[in-house]
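Down below is the structure, laid out as structure tokens.
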């Protein structure tokens with residue numbers, strides 16, 4: 003299988019996930035300011051997930067750009083990642099509708115954590131396939147972002163039960179860390 | 003990142019937004035003419051949003067056609083635009099279901115305003131990247147459409163609370179202004 | 003604008019419309035045979051619309067294949083067609099859920115009629131742009147299918163109020179007429 | 003019609019089906035562990051269907067890769083397959099929400115069975131069109147997977163009414179059989 007097709011499929015899935023998420027935002031029944039207020043946590047979780055999915059789309063693209071040949075391993079590692087990303091609208095809706103209650107906020111973090119792990123597995127699978135001189139390995143380098151994110155997610159999951167604001171702050175922090183596209187890979191492609 | 007991929011992703015998102023909007027039109031329970039009447043404002047807002055999204059798809063394409071290299075700035079300015087467009091089904095449904103009540107009508111205008119601003123920011127980001135001889139800048143020219151639209155949106159938001167028909171008329175007016183594809187850019191591409 | 007991009011956008015919209023239609027089929031609450039029975043008319047209308055959209059996708063492709071240059075006229079004629087196709091899930095759901103009641107069945111036919119007219123307008127716009135030696139005009143020939151379909155739709159709309167079975171039969175008849183891909187255009191492309 | 007376009011349309015439909023399936027997972031109202039428990043069967047059926055659709059996407063691609071010319075036969079055989087795949091979100095939701103009750107579990111198997119038959123018909127149509135030296139025929143070989151799957155599905159349908167766990171085990175078994183990409187075709191493409 004060519005890389006192009008896996009890329010196209012992944013892009014389509016991420017584009018759909020990022021877009022259908024809006025359907026989890028239920029249209030309010032009232033038409034006054036009171037009706038809008040409970041939408042605030044919904045809107046906040048929507049925005050957060052939108053940014054996360056955009057980051058995944060972007061970094062995923064950069065990573066796949068270094069793949070030449072797609073075998074069964076990479077294919078299924080990629081589908082595994084898409085699986086966790088496909089759950090984002092569900093947990094986003096659950097967390098938003100319940101105004102960031104502890105358990106939904108923790109489950110939201112759990113899905114993000116699993117997506118991060120899936121991303122890491124995909125990265126590892128590609129590096130292994132590329133062999134000792136893996137250009138992806140060189141590009142990724144020490145990968146501090148990839149290492150620190152799961153720790154922050156795990157902390158957020160636990161701290162959701164202390165105060166959800168801490169978890170929320172951690173989710174925003176991870177998004178900020180990643181919002182800068184991975185310049186290491188970018189610069190390597192540039193060469 | 004190549005322009006092609008950002009184009010493909012944007013096209014996919016806009017195609018999905020324009021299409022899932024129909025899911026916000028709830029199937030009526032009755033089967034007589036009485037059941038159809040409350041659908042009229044829903045249908046009107048659906049049609050309006052459909053046209054708006056088609057205009058965005060079209061002009062967005064013309065604009066991206068002049069981009070050579072996609073950096074982080076353009077990438078995120080583009081995602082920012084897609085974010086506001088992704089909210090169109092939500093506000094369309096809210097405005098339609100509530101028969102163009104003042105607040106939903108104003109919020110509809112707010113999302114259109116934010117999308118217009120996001121479009122403007124994207125345009126500016128591209129022009130800046132292209133430098134002093136920016137072909138997009140020359141093509142856009144004085145950009146009276148881009149300048150007048152936010153003013154009309156802002157007016158519509160305020161006037162929603164006077165009479166929603168005025169706001170509705172303004173939304174239709176902006177759509178009519180834009181429905182003609184941007185011939186300036188088109189002619190420039192032609193050369 | 004190149005033909006390719008309008009094709010890609012149209013394909014995406016039709017693919018989404020044909021797929022989200024399933025979301026209008028509400029999951030039944032019961033788990034016995036009784037729960038399945040009311041699904042029969044829903045399933046029938048779903049199948050019918052699926053076939054219609056597949057026909058549109060196919061013929062639309064054949065037609066666009068003969069377009070070289072996309073101007074504003076063709077662009078908006080195409081969006082007009084997509085608009086009516088985008089309403090198919092809505093009327094399919096309404097007709098199915100109400101077990102083919104007269105009014106929903108007639109409205110279903112109305113949307114099909116408008117889509118057929120939109121298709122005809124698109125065809126005419128392309129032929130006009132191609133000028134006197136229009137290859138599409140030669141390929142389409144006398145276009146008996148295009149002429150007879152609107153008449154059958156209009157009859158079905160009226161006859162929905164006599165007996166919905168007649169309307170249903172006419173909808174199936176039109177689908178059968180079109181299910182054979184347009185060999186005239188196909189053979190012309192082959193040359 | 004070129005193979006590329008049918009491939010693109012099929013990919014889009016499968017990507018949408020696999021992604022909108024999440025919308026059938028209704029966001030729970032509660033926010034405690036009790037609210038999560040009834041989601042387990044929903045999540046299980048979601049995961050199973052996700053894997054099935056990924057398998058179809060993958061094998062479908064491998065098969066289409068051997069097609070040169072797409073005639074009406076292949077076109078409609080392909081749409082027939084997409085039709086059954088499009089029903090997967092519906093039966094997944096029905097089975098999951100009703101905690102794998104016998105009838106929904108059997109109907110789930112029925113849709114899988116019909117998809118398998120549709121896949122087989124598509125394969126046969128391609129082989130027939132390719133003639134006596136069909137490369138697909140050689141690649142498929144004795145096709146034990148294709149032969150054993152319908153038998154397992156049919157057994158699962160019947161055994162749903164004995165115990166749904168048996169049906170569930172059979173569905174998982176078929177998924178495991180197919181999860182390995184079809185190496186026969188792959189190796190043949192490699193040559």
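Protein chains in written order, with this note's numbering: chain A, 3 to 193; chain B, 3 to 193; chain C, 3 to 193; chain D, 3 to 193. Heads up, the beta-carbon is just placed ideally off N, CA and C, and yes, glycines get one too. All figures in this text were calculated on a predicted structure; none of them were measured in a lab.
(request) Could you give the DSSP three-state label for residue 39/A: helix, strand or coil? (result) coil
(request) Give every residue of the same chain whose Cβ lies closer than 6 Å to the Cβ of residue 47/A, excluding the five residues on either side of it in the sequence, and list them in chain order. (result) 94, 97 and 98
(request) Output, in chain order, the set of chain D residues within a Cβ distance shorter than 7 Å of residue 25/C. (result) 22 and 25
(message) I want to see whether chain B comes within less than 8 Å of residue 11/A, judged by CB atoms only; does it?
(response) no
(message) Using the Cβ count rule (16 or more neighbours within 10 Å means buried), how would you classify residue 153/C?
(response) exposed
(message) Determine, for residue 17/C, whether the minimum Cβ-Cβ distance to residues of chain D falls below 8 Å.
(response) yes
(request) Give the single residue among 132/D, 148/D and 140/D whose Cα lies nearest to the Cα of residue 71/D. (result) 132/D
(request) Answer yes or no: do residue 51/A and residue 90/A have a C-beta to C-beta separation smaller than 8 Å? (result) yes
(message) Extract the residue ranges of the beta strand (DSSP E) inside the region 74 to 143 of chain D, only unbroken runs of 3 or more that lie entirely within it.
(response) none
(request) Rounded to whole angstroms, what's the CA-CA distance from residue 104/C to residue 58/D? Just pull it up for me. (result) 39 Å
(request) Assess, as a yes-or-no matter, whether the region 4 to 11 of chain C is touched by the region 64 to 82 of chain C under the definition of 3 or more beta carbon pairs within less than 8 Å. (result) yes
(request) Return the first residue and the last residue of the alpha helix (DSSP H) that residue 175/B is part of. (result) 166 to 181
(request) Would you kindly check if the distance between the Cβ of residue 156/C and the Cβ of residue 115/C is under 8 Å? (result) yes
(request) Return the residue from the list 162/D, 34/D and 53/D that minimises the CA-CA distance to residue 16/D. (result) 53/D
(request) Determine the direct distance from the alpha carbon of residue 33/D to that of residue 195/D, and round the result to whole angstroms. (result) Outside the modelled stretch of chain D, which goes from 3 to 193, sits residue 195/D, for which no answer is possible.
(request) Look at the alpha carbon of residue 118/B and the alpha carbon of residue 136/D, and state the distance between them as a whole number of angstroms. (result) 55 Å
(message) Looking at the strands, I want to know which residues DSSP matches up with residue 71/C.
(response) 4/C
(request) Give a yes or no on whether the minimum CB-CB distance between residue 63/A and chain B is below 8 Å. (result) yes
(message) Suppose you measure from the CA of residue 100/D to the CA of residue 38/D; what does that come to, to the nearest Å?
(response) 15 Å
(message) Just to check my reading of the structure: residue 61/A and residue 180/A have Cβ atoms closer than 8 Å, yes? What is that Cβ distance to the nearest angstrom?
(response) 7 Å
(request) Could you say which of 13/C, 26/C, 28/C and 73/C lies nearest to residue 55/C if we only look at CA atoms? (result) 13/C
(request) Closer than 7 Å, Cβ to Cβ, to anything on chain A: give me those residues from the region 72 to 90 of chain B, in chain order. (result) 74, 77, 81, 85, 88 and 89
(message) Would residue 169/D and residue 111/D be called neighbours here (beta carbons separated by less than 8 Å)?
(response) yes
(message) Against chain B, does residue 92/A count as a neighbour if the rule is that its beta carbon must be under 8 Å from one of theirs?
(response) no
(request) Could you check what DSSP says for residue 30/D in three-state terms: helix, strand or coil? (result) coil
(message) For a cutoff of 8 Å on Cβ pairs, would you count residue 105/A as touching chain D?
(response) yes
(message) Less than 8 Å between the beta carbons of residue 41/A and residue 25/B, yes or no?
(response) no
(request) Mind listing the chain D neighbours of residue 29/C? Cutoff is C-beta to C-beta under 7 Å, in chain order. (result) 26, 92, 95, 96 and 99
(message) Please state the DSSP three-state secondary structure of residue 51/A.
(response) helix
(request) Have a look at residue 84/C and residue 120/C and give me their C-alpha separation to the nearest angstrom. (result) 9 Å
(message) How far does the alpha helix (DSSP H) with residue 162/A in it extend, from its first residue to its last?
(response) Careful: residue 162/A lies outside any alpha helix (DSSP H) and carries neither H nor E.
(request) Can you tell me which of 158/B, 134/B and 171/B puts its alpha carbon nearest to the alpha carbon of residue 108/B? (result) 158/B
(message) Is the separation between the beta-carbon of residue 23/B and that of residue 44/B shorter than 8 Å?
(response) no
(request) Decide if residue 141/C is buried, meaning its Cβ has at least 16 other Cβ atoms within 10 Å, or exposed. (result) buried
(request) Report the rounded CA-to-CA distance for residue 144/D versus residue 127/D, giving the unit in angstroms. (result) 17 Å
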